[in-house]
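To keep things clear, I will list the structure first and then write my remarks on it.
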Ligand code: CUA
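Residue numbers (my numbering): 1273 to 1639.
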């Protein structure tokens, strides 16, 4: 592969730790320790890459950035605490039973059959029933903040449609269409209408609110609200096929002024190519299969199979937050997407060097 970006390994992921000639090593424990250290470093780096994801948006339920997400975190800690008490209680009783295995009867209560039955009823039925009812009331009835906003009750409505495997994002009332990177104004209630174009997906931005399934034929609603400006990570939370894992998204909570100018730009047609190379790139795009799957507003390209590319260069990630939107990665994606995201609908393209470079320059100009 000639494009820089086709190597998708992260730093430190070189796994060949053999010496020259592939001999297993006879030079003693120091080298063994060095290899161990290198492998540990590689694992730590790979782990950090996985945890950090692509594009920097955090997505931990334990770091909430909205009222609903705070309530969900509180509930999570309560459930963990209650489950912990129940677990420790059960382990304690098991230990007690084991230590007293040779003695007849119960501690304190002796061999009273009524007391034995009473214990089974209390610990096996009454306490579990009380705990489960309490948790049900708190989680399903008590947390009102996570509820979907009534239609028309928010200053902004966004439509997010799940596809195998990307998120299509529209702003009703405007021409704006984008993918995988949802912008909202900070400290503003946003009504997200969730839909799907194919199978069931689930829209989930853990630091902002609960999950919302995207069910064929049944649009749902979800409240999005962010306490402070920032980038929040999201993930499809319902298995939806081979690339379910690579169906990530980013939510940008922008100051209102910046959000308005972003939205105005998203609604506009593409920036006309400014250089001969970019013009050639646009011609390559229109003449190839690209145009039958992707839309670039302001050109004849009207495809709806893949994401809208009108302002592709403004996005920070590609392929639903799978790789960064940088020239090498973009080149690798165009040449061999099946290597990065097997079974996605994007085919690889076999273009001449100059056509390929022109296409990249054009795509990079779509701001
Ligand atoms: Cu979409 Cu999982």
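Even glycine gets a Cβ: it sits at the ideal position worked out from N, Cα and C.
Item, Value
"Considering just the uninterrupted stretch of the alpha helix (DSSP H) at residue 1606, what are its terminal residues?", "1599-1607"
"Any heavy atom of the ligand CUA inside 7 Å of the beta-carbon of residue 1518?", "no"
"Which value, in whole angstroms, describes the spacing of the CA atoms of residue 1537 and residue 1412?", "41 Å"
"Residue 1395 by DSSP, collapsed to three states: which one?", "helix"
"According to the Cβ coordinates, are residue 1597 and residue 1607 closer than 8 Å?", "no"
"Residue 1567 by DSSP, collapsed to three states: which one?", "strand"
"Between the region 1414-1421 and the region 1341-1351, can you find at least three pairs of beta-carbon atoms closer than 8 Å?", "yes"
"Between which residues of its own chain and residue 1449 is the CB-CB distance below 6 Å, once the five residues before and five after are set aside?", "1442 and 1580"
"Let me check you understand the geometry: is the CB of residue 1565 closer than 7 Å to at least one non-hydrogen atom of the ligand CUA?", "no"
"Measure the CB-CB distance between residue 1479 and residue 1335 and report whether it falls below 8 Å.", "yes"
"Ordered along the chain, which non-local residues of its own chain (more than five positions away) have a Cβ less than 6 Å from that of residue 1552?", "1630"
"Can you round the beta-carbon distance between residue 1483 and residue 1476 to whole angstroms, since I take them to be within the 8 Å contact cut?", "4 Å"
"Can you tell me whether DSSP reads residue 1493 as helix, strand or coil?", "strand"
"What's the C-alpha gap between residue 1428 and residue 1463?", "6 Å"
"Helix, strand or coil for residue 1468 per DSSP?", "strand"
"Suppose the cutoff is 8 Å on Cβ atoms and the five residues either side in sequence are ignored; what does the same chain contact list for residue 1294 look like?", "Confidence is the limiting factor: at residue 1294 the pLDDT is only 36, short of 50, which leaves the residue's position unreliable, though a coordinate-based value still follows. Closer than 8 Å at Cβ, skipping near neighbours: no residue."
"Per DSSP, residue 1438 forms a beta bridge with which residues?", "1435"
"So, at 7 Å on beta carbons, what are the nonlocal neighbours of residue 1514 in its own chain, with the 5 sequence-adjacent residues on each side left out?", "1614 and 1615"
"To the nearest whole angstrom, what separates the beta carbons of residue 1452 and residue 1535, a pair I think is in contact under 8 Å?", "Rounded, the Cβ-Cβ distance is 16 Å, inconsistent with contact."
"Give a single yes or no on whether residue 1434 has its beta carbon closer than 7 Å to a heavy atom of the ligand CUA.", "yes"
"Give the straight-line distance between the Cα atoms of residue 1267 and residue 1444, rounded to the nearest whole angstrom.", "Any question about residue 1267 goes unanswered here, given that the chain covers just 1273 to 1639."
"Determine, using beta carbons only, whether residue 1458 and residue 1527 come nearer to each other than 8 Å.", "yes"
"Taking the alpha carbon of residue 1539 as the point to measure from, which residue in 1422, 1500, 1347 and 1639 has its own alpha carbon closest?", "1639"
"Quick check on DSSP: helix, strand or coil for residue 1351?", "helix"
"From this set, 1384, 1499 and 1410, which residue's C-alpha is nearest residue 1456's C-alpha?", "1499"
"Would you decide whether residue 1624 is buried or exposed? Buried here means 16 or more other CB atoms lie within 10 Å of its CB.", "exposed"
"If distances are taken between C-alpha atoms only, which option among 1497, 1561 and 1378 comes closest to residue 1418?", "1497"
"Is the closest heavy atom of the ligand CUA to the C-beta of residue 1476 under 7 Å?", "no"
"Strictly by DSSP, which residues pair up with residue 1481?", "In the DSSP output, where bridge partners are listed per residue, residue 1481 has none listed."
"Going by beta carbon distance, what residues of the same chain come within less than 8 Å of residue 1572, once the five residues before and after it are set aside?", "1558 and 1563"
"Is it right to say residue 1425 is buried, meaning 16 or more other beta carbons lie within 10 angstroms of its own, or is it exposed?", "exposed"
"If residue 1485 and residue 1472 are in contact, beta carbons under 8 Å, what's the gap, nearest whole angstrom?", "6 Å"
"Would you tell me roughly how many angstroms separate the C-alpha atoms of residue 1583 and residue 1619, rounded to the nearest one?", "21 Å"
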